[in-house]
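2 protein chains.
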Amino acid sequence: MIVQKYKDMLQGKSVIRQLSEFATARGKEIGYENVFDYSLGNPSVPTPQAFTDTMIRMLQEKDPMELHGYSQSLGIPSVRDKVADSLNKRFGMNYTGNHIFMTTGAAGAIAHALRCVAQPGDEVLTFAPYFPEYAPYVNLTGSVLKVVPADTENFQINFEAFDEMLTEKVAAVLINTPNNPSGMVYSTDTIKKLAQIMEQKQKQYGHDIFLISDEPYREIVFAGVDTPYPSKFYDNSLSCYSFSKSLSLPGERIGYVAANPKCTDADLISVMCSQISRGTGHNCPPSIIQLAVAQVLELTSDLSVYEKNMNILYKELTALGFECVRPGGTFYMFPKALEEDAAAFCEKAKKYDLILVPSDTFGVKGYFRIAYCIDTEKVERSLEAFRKFVREMYHL
Amino acid sequence: MIVQKYKDMLQGKSVIRQLSEFATARGKEIGYENVFDYSLGNPSVPTPQAFTDTMIRMLQEKDPMELHGYSQSLGIPSVRDKVADSLNKRFGMNYTGNHIFMTTGAAGAIAHALRCVAQPGDEVLTFAPYFPEYAPYVNLTGSVLKVVPADTENFQINFEAFDEMLTEKVAAVLINTPNNPSGMVYSTDTIKKLAQIMEQKQKQYGHDIFLISDEPYREIVFAGVDTPYPSKFYDNSLSCYSFSKSLSLPGERIGYVAANPKCTDADLISVMCSQISRGTGHNCPPSIIQLAVAQVLELTSDLSVYEKNMNILYKELTALGFECVRPGGTFYMFPKALEEDAAAFCEKAKKYDLILVPSDTFGVKGYFRIAYCIDTEKVERSLEAFRKFVREMYHL
Chain D
11 MIVQKYKDML QGKSVIRQLS EFATARGKEI GYENVFDYSL GNPSVPTPQA
61 FTDTMIRMLQ EKDPMELHGY SQSLGIPSVR DKVADSLNKR FGMNYTGNHI
111 FMTTGAAGAI AHALRCVAQP GDEVLTFAPY FPEYAPYVNL TGSVLKVVPA
161 DTENFQINFE AFDEMLTEKV AAVLINTPNN PSGMVYSTDT IKKLAQIMEQ
211 KQKQYGHDIF LISDEPYREI VFAGVDTPYP SKFYDNSLSC YSFSKSLSLP
261 GERIGYVAAN PKCTDADLIS VMCSQISRGT GHNCPPSIIQ LAVAQVLELT
311 SDLSVYEKNM NILYKELTAL GFECVRPGGT FYMFPKALEE DAAAFCEKAK
361 KYDLILVPSD TFGVKGYFRI AYCIDTEKVE RSLEAFRKFV REMYHL
Chain C
11 MIVQKYKDML QGKSVIRQLS EFATARGKEI GYENVFDYSL GNPSVPTPQA
61 FTDTMIRMLQ EKDPMELHGY SQSLGIPSVR DKVADSLNKR FGMNYTGNHI
111 FMTTGAAGAI AHALRCVAQP GDEVLTFAPY FPEYAPYVNL TGSVLKVVPA
161 DTENFQINFE AFDEMLTEKV AAVLINTPNN PSGMVYSTDT IKKLAQIMEQ
211 KQKQYGHDIF LISDEPYREI VFAGVDTPYP SKFYDNSLSC YSFSKSLSLP
261 GERIGYVAAN PKCTDADLIS VMCSQISRGT GHNCPPSIIQ LAVAQVLELT
311 SDLSVYEKNM NILYKELTAL GFECVRPGGT FYMFPKALEE DAAAFCEKAK
361 KYDLILVPSD TFGVKGYFRI AYCIDTEKVE RSLEAFRKFV REMYHL
């Protein structure tokens, strides 16, 4: 019989997806260039030419049997080694290839990491605002996601609430920095304090509490921002990465879990992940994409457009009277809505063809997300729509 | 804390993997060309040039944002439509793109299909001999895999045992035709009888019993063999496919689930699969591979080598006195060992650098698998090793 659990999940249609579909439909009416579609976190700059060239060269020159052959379920050994080397060089870590498990993007990485350390009866903590897909990743391990209320002052961490919620039942703490949707980067102070509290609680409870760090925006950070590598500050840490944003390859589903060499069972994490993937049937990311990405580990797309867009929007919106913490990275910003009901606010914005995402979907009330991964020219044209919107609707 | 369940899985190292590692190590001693490595089911012929050309053309000509952009989690709509059309044309079905869910190979397909219809408390039946990875796919749904004993007469179905084991607890029946490891193809008579029994039991129990059909070897069938399309004969059927063997792309992880348009909740299966993939973090197969495969749906690698190898080996082994049912497809054959203990038999064969897989790993005692997806030249050279082996060890 059809399993009800998954059938039930069909009811909860993503708000972001609905807004994106609205934008597409509206685009058919008035031309998509006239819809200021700030709904989706899709990279707006192409992958580096070197990635494309590498793919073509491999297809032309490599033995197809080798190129398209089975990858080990852990990932191709040479690729894992290269990822480890690159992380060591950049962040002063001591990973070996054995600590790296190649995944289908950050989604695969987080889902595997969670299954390694969380099980029925456990709790997993994350911090509002948070990426709503964390819920299914956690739910399907059988553990329960608990959300620490936001620090709306500066979107770092509400440590008082965290300290209270970090009970004996917590198996893992899931962070995302640079953050979707707030655009904030946890400072070195924040990460240090987080690590210190977690270490103290580990001792107190006598069991491991893992830090799972979701880092798809690691490379999108703005000038002068302090961007610590979280795993550097806490031994029991699993770093989850995706190349979707840095190399503009969201459809190619490629990323990894990096287990801190100092974590409990560090040498087992990747082989455990490969057992987990046996059961989910995921097995491994595609060979050719693994091999190609390993050739361009030190490159990124031209990410400068995101900072440019942020500066334009931040200046205009704060001038218009919006309260907004200045983003340190990503391609999101998270201003306070002009009325308590963020959904009502975003609904009104739609009349000006401004597609904004209400913050409720991220576990916070009264804010909205702008995904400014769109052409700068369109960002500039949207300013007049923002002005008109707040003037006509809120008399600002 | 580290989840013990996955840690425990690390104990059960695959026999096939161990044999393959032995073959590689032995190859370093005496040259791999002198090891008759029949252990792994890895395609031995390259992907069609048209696949490579399509990949290169897309990389050269397509907008990288579009080419590498997010796929819907169900798969790219145009790809799903093309898969449906191709199946309809070949098998007289009525699929639409909505019935197709793109997956990371047959592993992903089976894991998703099982999660749609099996849950804790249920049983899933399969038939010996069977692919050992079925166990983790089933186990991680929380249901229990039960194995119907083999019909060792002709490796079709032991219907007496099946009828007895098809109790009210059974939620799904998992078949694999053409079969790994036996090489046998279920005849139209077998499929009809299977469908008839399942339909009768559905009525009797008043609930659905799904047929999950694992078909990665669908295209590798030999001259004159009757090869029915199972879903044609049973409404509640989910067909699971991989392009790994037909297009020699095992590392690229691409396949699909096709839900029979007449099955219960036919229009929901693919969207349920996309909810399942949210939890496992699998999301979707890589965009570029989906798009490329959709351009070569009607092509295969040159698969003729497998039939050629089968004929050479079948002739020689039966002449040597082996009992063996003649394979109808795949690149496997499954002769009876020359002593009861198949593991002991295969251990002795290793002395002649013949790497054979004992049947215990497939749920049958006393047989062995030959994966003859190797160069014909090597197959021919292996014959003398077989002769020497059976003469010296078994005085044949």
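Sequence order for the protein chains is D and C. Numbering-wise (my numbering), the first sequence opens with residue 11 and increments by one. Numbering-wise (my numbering), the second sequence opens with residue 11 and increments by one. We treat Cβ as the ideally placed atom computed from N, Cα and C, and that holds for glycine.
If I follow the unbroken beta strand (DSSP E) through residue 390/C, where does it start and stop? Here the question's residue 390/C lines up with position 380 in the second sequence. From DSSP, residue 390/C is part of no beta strand (DSSP E) but of the alpha helix (DSSP H) over 386 to 404.
Grouping DSSP H, G and I as helix and E and B as strand, with all else coil, what is residue 329/C? Against the second sequence, residue 329/C aligns to sequence position 319. Helix at residue 329/C.
Does residue 122/D pass the burial test, meaning 16 or more other C-beta atoms within 10 Å, or should it be called exposed? The sequence position of residue 122/D within the first sequence is 112, counting from 1. Residue 122/D is buried by the Cβ-count criterion.
Any Cβ of chain D within less than 8 Å of the Cβ of residue 379/C? The residue given as residue 379/C occupies position 369 in the second sequence. No Cβ of chain D is located within less than 8 Å of the beta carbon of residue 379/C.
Which parts of the region 107 to 137 of chain D are runs of the alpha helix (DSSP H), unbroken and 4 residues or longer, counting only runs that do not cross its ends? Every alpha helix (DSSP H) of 4 residues or more that sits fully in the region 107 to 137 of chain D is shown, in chain order, as 115 to 127.
From the beta carbon of residue 20/C, is the nearest beta carbon of chain D less than 8 Å away? Locating residue 20/C in the second sequence gives position 10, where the first residue counts as 1. Yes, contact with chain D.
Step through the CB atoms of chain C and report whether any lies within less than 8 Å of the CB of residue 336/D. What you label residue 336/D is simply residue 326 of the first sequence in a count that begins at 1. By this cut-off, residue 336/D is not an interface position.
Taking residue 446/C as the query, report the chain D residues whose CB atoms sit under 7 Å from its CB, ordered along the chain. Residue 446/C falls outside the range modelled here, since chain C spans only 11 to 406, and no answer is possible.
Strand pairing of residue 343/C, partner residues [DSSP]: For the purposes of this step, residue 343/C is taken as residue 333 along the second sequence, with counting starting at 1. Looking at the DSSP assignment, residue 343/C forms a beta bridge with 380/C.
In chain D, which residues lie less than 7 Å from residue 259/C when you measure between Cβ atoms? In the second sequence, counting from the first residue as 1, residue 259/C sits at position 249. Chain D residues near residue 259/C: 78.
Does residue 177/D come within less than 8 Å of chain C when only Cβ atoms are used? For this step, residue 177/D is matched to residue 167 along the first sequence. By this cut-off, residue 177/D is not an interface position.
Inter-residue spacing [alpha-carbon to alpha-carbon] between residue 216/D and residue 11/C: To locate residue 216/D, count along the first sequence from 1; it is residue 206. To locate residue 11/C, count along the second sequence from 1; it is residue 1. Distance between the alpha carbons of residue 216/D and residue 11/C: 10 Å.
Residue 69/D CB to nearest chain C CB: under 8 Å? Here residue 69/D corresponds to residue number 59 of the first sequence, with the count starting at 1. Chain C contact via Cβ: present.
If you run the structure through DSSP and keep just helix, strand and coil, what is residue 224/C? Taking the second sequence and counting its residues from 1, one reaches residue 224/C at position 214. Collapsing the DSSP output to three states places residue 224/C in a strand.
Which of helix, strand or coil DSSP assigns to residue 307/D: Along the first sequence, one-based indexing puts residue 307/D at 297. Here residue 307/D sits in coil by DSSP.
Below 8 Å on C-beta distance, what does residue 223/C contact in chain D? In the second sequence, the residue the question calls residue 223/C occupies position 213. The premise fails here: residue 223/C is roughly 15 Å from chain D at the closest Cβ pair, so nothing lies under 8 Å.
Does the distance from the CB of residue 229/C to the CB of residue 256/C come in under 8 Å? Sequence index remark: in the second sequence, residue 229/C carries index 219 (1-based). Sequence index remark: in the second sequence, residue 256/C carries index 246 (1-based). By the CB criterion at 8 Å, residue 229/C and residue 256/C fall inside the cutoff.
Cα-Cα separation between residue 231/D and residue 293/C, rounded to whole angstroms: As a working mapping, residue 231/D is identified with position 221 in the first sequence. As a working mapping, residue 293/C is identified with position 283 in the second sequence. Rounded to the nearest angstrom, the two C-alpha atoms are 26 Å apart.
Test: residue 230/D CB closer than 8 Å to a CB of chain C: Position 220 of the first sequence, counting from 1, holds the residue named residue 230/D. Cβ-Cβ to chain C under 8 Å: no for residue 230/D.
Report yes or no: do three or more beta-carbon pairs, one from the region 352 to 369 of chain D and one from the region 285 to 299 of chain D, lie closer than 8 Å? Of all C-beta pairs linking the region 352 to 369 of chain D to the region 285 to 299 of chain D, fewer than three are shorter than 8 Å, placing the two stretches out of contact.
Continuous beta strand (DSSP E) assignments of at least 3 residues falling wholly in the region 192 to 262 of chain C: Listed in chain order, they are 220 to 224 and 247 to 252.
Near residue 8/C, which residues of its chain fall below 7 Å by C-beta distance, leaving aside the five closest residues on each side in sequence? Missing from the structure shown is residue 8/C; chain C here goes from 11 to 406 and no further.
If you scan the region 268 to 324 of chain C from start to end, which runs of the alpha helix (DSSP H) of 4 or more residues do you find wholly inside it? Complete alpha helix (DSSP H) runs here, min 4: 276 to 290 and 297 to 305.
Give the secondary structure of residue 167/D by DSSP, where H, G and I count as helix, E and B as strand, and everything else as coil. The residue labelled residue 167/D in the question sits at position 157 within the first sequence. Coil, per DSSP.
Among 372/D, 325/D, 18/D and 258/D, which one has its Cα closest to the Cα of residue 56/D? Working through the first sequence from its first residue, we reach residue 56/D at position 46. When C-alpha distances from residue 56/D are compared across 372/D, 325/D, 18/D and 258/D, the shortest belongs to 258/D.
Would you verify that the beta carbon of residue 147/C is, or is not, closer than 8 Å to some beta carbon of chain D? Mapped onto the second sequence, residue 147/C falls at position 137. Yes, residue 147/C counts as interfacial toward chain D.
Does any C-beta atom of chain D lie closer than 8 Å to the C-beta of residue 190/C? Within the second sequence, numbered from 1, the residue matching residue 190/C stands at position 180. Using beta-carbon distances, residue 190/C does not count as an interface residue toward chain D, since no partner is under 8 Å.
Could you please give me the residues that DSSP links to residue 10/D through a beta bridge? Missing from the structure shown is residue 10/D; chain D here goes from 11 to 406 and no further.
If you reduce the DSSP assignment to three classes, tell me which class residue 154/D lands in. Residue 154/D sits at position 144 when you count from the first residue of the first sequence. DSSP places residue 154/D in strand when its eight states are reduced to three.
Closer than 8 Å to chain D by CB, residue 285/C: For this step, residue 285/C is matched to residue 275 along the second sequence. For residue 285/C, the answer is yes, since a Cβ of chain D falls inside 8 Å of its Cβ.
Below 7 Å, is the gap between the Cβ of residue 369/D and the nearest heavy atom of the ligand NAP? This structure does not include the ligand NAP; it has no bound ligands of any sort.
Within-8 Å CB hit, residue 299/C to chain D: For this step, residue 299/C is matched to residue 289 along the second sequence. Closer than 8 Å: yes.
Since I believe residue 79/D is in contact with residue 407/C (beta carbons under 8 Å), could you give me their beta-carbon distance rounded to a whole number of angstroms? Chain C is shown from 11 up to 406; residue 407/C falls before or after that span and cannot be answered.
With distances taken Cα to Cα, identify the nearest neighbour of residue 390/C among 115/C, 181/C, 101/C and 321/C. Within the second sequence, residue 390/C is the residue found at index 380, counting from 1. Ranking the options by Cα distance to residue 390/C, first place goes to 321/C.
Considering only C-alpha positions, which residue in the set 345/D, 245/D, 109/D and 156/D is nearest to residue 268/D? The count along the first sequence starts at 1 and reaches residue 268/D at position 258. The candidate whose alpha carbon is nearest that of residue 268/D is 109/D.
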